[in-house]
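First comes the structure, then the notes that go with it.
There are 2 protein chains.
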Amino acid sequence: MRLSRYFLPILKENPREAEIVSHRLMLRAGMIRQQGQGSFTMLPIGKRVMDKVCQIIREEQNRAGALEILMPTIQSAELWRESGRYDDYGKEMLRIKDRQDRELLYGPTNEEMVTEIFRSYVKSYKDLPLNLYHIQWKFRDEVRPRFGVMRGREFLMKDAYSFDLNYEGAKAAYNRMFVAYLRTFTRMGLKAIPMRADTGPIGGDLSHEFIILAETGESQVFCDREFLDLEVPGASTDFGNDAQIAHIVKEWTTPYAATDEMHDEAAWDKIPADDRLSARGIEVGHIFHFGEKYSKPMGAKVQGPDGKEHNVSMGSYGIGPTRLIAAIIEASHDDAGIIWPESVAPFDIALINMKVGDHECDSICERLYDAFQAAGKDVLYDDTDQRAGGKFATADLIGLPWQVIVGPRGAAAGEVEIKNRRTGERETVSLAVALERFGAAE
Amino acid sequence: MRLSRYFLPILKENPREAEIVSHRLMLRAGMIRQQGQGSFTMLPIGKRVMDKVCQIIREEQNRAGALEILMPTIQSAELWRESGRYDDYGKEMLRIKDRQDRELLYGPTNEEMVTEIFRSYVKSYKDLPLNLYHIQWKFRDEVRPRFGVMRGREFLMKDAYSFDLNYEGAKAAYNRMFVAYLRTFTRMGLKAIPMRADTGPIGGDLSHEFIILAETGESQVFCDREFLDLEVPGASTDFGNDAQIAHIVKEWTTPYAATDEMHDEAAWDKIPADDRLSARGIEVGHIFHFGEKYSKPMGAKVQGPDGKEHNVSMGSYGIGPTRLIAAIIEASHDDAGIIWPESVAPFDIALINMKVGDHECDSICERLYDAFQAAGKDVLYDDTDQRAGGKFATADLIGLPWQVIVGPRGAAAGEVEIKNRRTGERETVSLAVALERFGAAE
């Protein structure tokens, strides 16, 4: 993408309304624009990050056997009366009336709707296990939305729902999502620690939050340092092997870890002082097992191998991709701006032409631009007439993993500079080396 | 994907509520489930088609220079008061109040919001042309939603918005979208005919609908048969060349074409009788030039080369991907079910194991399944214990372009059958030929 034809509205000043660094950087880097209380447009560069985040989530959901669907945002109140949650949910639910005065609502979550889908089609244990997920906008009318996309009212959520014959099956489904979450966050360059959690309005008796550690975290968390060394399961993990998956979950739930609400001082005191890690954390995922909470009132039953009808045992599993973008920035930035992990960077390479109009600079840039793209790299080519200092500042701010800098002196000598955004290391190399570095043919 | 682990809730009976063939087939093929009046879940196979349709739209928007963003579904009433449309829009607009009694609405379209984004950042003609699009859910509270996703209340829409200094620039932007639309529909196997149209509540003075011909179409259309032979511009079309793009538009707007509302009997009578094509049509896209209709009241101005401020000249460009899925089915089906064009098929190949449990059948199927997938094909492998007749009926109903059928007699001889869903042609071939046919290595 040529920056001259792109829409990247960089802000020079720190926006006053932004209280936390991710909100500030997302506004400054032209990723988002606020449209209302807790409501944001993803601008082009923000949309690119969102797509990459969603794609990783999707790949790991699919790998774990979940199937993607897409449910509507608007739901009928009737459905929520079946589960008994319509009156319980309170003012966070955005309630709507249509032109015929029917009561609707903007879905804050989808347990009821997906249970309705399930009961309409699935009648036998032979069709289980089943896990359906979607990535869809949700609305929760928070009293005080803030911190940008970290706590919005309209936000994107990946929510998966598992259906099993009994607790044993449901626990295996829970475990698969647990492991999928470990993999998902790791692929985004995050260290996420699963912590026992309260189940809140979703209900149920087993729940983990996945928390990443960041100084600006919203809540106090406590865990054993052992977590920092645990190995995250690889891509070859066999999600069909319940015992192997259960083993991984055991490993990741044995050391002490708790959010503030679940914290147990007695257990904490037993950990050697050097191993105690008390820090701020950001919730990036939340999984629940709630058994028959929805299947029973809503009549979602299957026939078991015993010929009898059983209420299915369910769980739900959420990740907020928009919030996750902010969390990644909280965990990975410096004074100059964002530092994207390669897997979610909006572009791989910032190609910086220091002197547009200089014949050598222009021709080398054009050549690199074509070659890098042909090698499958996403390149943002700064071909604008801004001065070099401004270009460097922009590249640092938007945080692409690599900068390839083409200036008149180097160009005359057939050389360019490569800068690693994370380490700050700079290296002057020949054109041939620059091409090779990014897998491009000469 | 193994069908035994997939969620494909086929209906054996024709659902009574479905009045048109696409609605009937989408329900029967397990693509959608109705969740409320004019509101549908895309089930796994429907979601796959939707993704492919959206990806083609996206590629052609990008090719034409549009940039993808994502605006929220909920908008503030305040914004719509600025343009004067809040009171005009009528009961089709879903109006909402939040917990603080602020007036919100579920966006039926996004002219106001995108104009607000534009005016916040863009100040100079040097940043033009600009075209921003998103693919997002819309809600229009139709009195009588019907025909499945063809006329829903909550529906997906790709809406693009162009901003230019003056009419000349805006017309060039309009032309680029015009040509992008021709390419988009062609890639989905559709013949779309652009027709001068009424501008309705969007406003403006220049507008085309893109109509595909289908017996079950919602409206009467009239055009010159010449359209059927016009060549659609190729992938190498230079969208940077305004003159070339204008030439293509001229070619596609010169022969007579009109919807019922715009029909001109006098002009029609001048066409030789043999060339007159009077048919039913389905609108699949709609583009508008409306100049300063929103930029003027909302103060979206840029400084021109003359140093003066100019209200930008705008257009908007819509395609409904969910409706488009139904339109493709209306245009491509037979008595047995859907016939997907390859570009939007949910899977490329239905691999049918006629006798699960037979050693030869199972091992050949496993081998083909792995090899086809390694060759980049999406394969739906019917490994269920249903009888062969049911498997054939399902494969025909869901309409994948190719069926590869493995039965015990053929398997013993190292042969499989390949069926083309569109032509019905069947061919018995060796395993080696079957592999080669789909680009797979032995």
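Chains as they are written, first to last, in the working numbering: chain A, 1 to 442; chain B, 1001 to 1442. Just so you know, even glycine gets a beta-carbon here, dropped at the ideal spot from N, CA and C.
Please confirm whether T41 of chain A has its beta-carbon closer than 9 Å to some beta-carbon of chain B.
yes
Verify whether the separation of the beta carbon atoms of K137 of chain A and L156 of chain A is less than 9 Å.
In the sequence as presented, Lys is not what sits at residue 137 of chain A; that position holds Trp. Cβ distance < 9 Å, so W137 of chain A and L156 of chain A count as in contact.
By the criterion of Cβ-Cβ separation under 9 Å, what are the contact partners of S1120 of chain B in chain A?
P9 and R33
Kindly indicate the opening and closing residues of the alpha helix (DSSP H) around T1394 of chain B.
A1388 to I1398
Residues bridged to P1305 of chain B by DSSP?
DSSP lists no partner for P1305 of chain B.
Three-way DSSP call (helix, strand, coil) for H263 of chain A in this model:
coil
Can you tell me whether DSSP reads W137 of chain A as helix, strand or coil?
strand
If we count the other Cβ atoms within 10 Å of its Cβ and call it buried at 16 or more, is A273 of chain A buried or exposed?
exposed
Chain A residues whose Cβ lies nearer than 7 Å to that of F1139 of chain B
I74
When you compare each of B:D1224, B:M1298 and B:F1118 to E1082 of chain B by their alpha carbons, which one comes out closest?
B:M1298
With DSSP run on the structure shown, which of helix, strand or coil describes F239 of chain A?
coil
So who's on the other strand from S219 of chain A, going by DSSP bridges?
A:G281
Per-residue contacts from G320 of chain A into chain B (C-beta, under 7 Å)
The contacting residues do not exist; G320 of chain A stays about 15 Å from chain B at best.
Grouping DSSP H, G and I as helix and E and B as strand, with all else coil, what is D1101 of chain B?
coil
Could you please give the first and the last residue of the uninterrupted beta strand (DSSP E) stretch that includes N420 of chain A?
E415 to N420
What is the DSSP secondary structure of T253 of chain A, reduced to helix, strand or coil?
helix
8 Å Cβ shell around L1400 of chain B - same chain, five flanking residues per side excluded:
W1340, A1345, P1346, F1347, D1348, I1349, A1350, L1380 and R1421
Opposite I314 of chain A in the DSSP bridges: which residues?
The residue you asked about is not Ile; residue 314 of chain A is Met in the sequence shown. M314 of chain A pairs with A:F163 and A:G291.
Could you give the first and the last residue of the continuous alpha helix (DSSP H) run that contains A474 of chain A?
It is not possible to answer for residue 474 of chain A, since the shown part of chain A is limited to 1 through 442.
State the beta-bridge partners of Y106 of chain A as determined by DSSP.
A:I74 and A:L94
Check whether the region 1129–1145 of chain B touches the region 1046–1065 of chain B, taking contact to mean three or more Cβ pairs, one atom from each stretch, closer than 8 Å.
yes
Just verifying my parser: in three-state terms, what is the DSSP assignment at S1332 of chain B?
coil
Alpha-carbon to alpha-carbon, G315 of chain A and G169 of chain A
11 Å
At a CB-CB cut-off below 8 Å, which residues of chain B make contact with K270 of chain A?
Those within 8 Å of K270 of chain A in chain B number zero; the least Cβ separation is about 44 Å.
Does the Cβ-Cβ distance between L94 of chain A and K1047 of chain B come in under 9 Å?
no
Starting from M1031 of chain B, follow the alpha helix (DSSP H) in both directions and report where the run begins and ends.
Careful: M1031 of chain B lies outside any alpha helix (DSSP H) and carries neither H nor E.
Residues in its own chain within less than 8 Å of K1097 of chain B by CB, not counting five upstream and five downstream?
E1103 and L1104
What did DSSP end up calling R1144 of chain B once you bin it into helix, strand or coil?
coil
Beta-ladder partner(s) of E1019 of chain B, from DSSP
E1019 of chain B is not bridged to any residue.
Can you tell which of A:G337, A:D382, A:F372 and A:F40 has the C-alpha that lies nearest to the C-alpha of A432 of chain A?
A:F372
Taking 9 Å as the threshold (beta carbon to beta carbon), is K1012 of chain B in contact with chain A?
no
Going by CA-CA distance only, name the one from A:D335, A:A300, A:D306 and A:L11 that's closest to E471 of chain A.
Any property of residue 471 of chain A remains undetermined from this structure, which presents chain A solely from 1 to 442.
Note down, in chain order, every chain A residue with its Cβ under 8 Å from the Cβ of L1443 of chain B.
With chain B running from 1001 to 1442 in the structure shown, residue 1443 of chain B is simply not present.
Which partner residues does S430 of chain A have in the DSSP bridge list?
A:E415
Against chain B, which members of the region 176–188 of chain A pass a CB distance test of less than 9 Å?
none
Here's the rule: buried if 16 or more other CB atoms are within 10 angstroms of the residue's CB, otherwise exposed. What is R1153 of chain B?
buried
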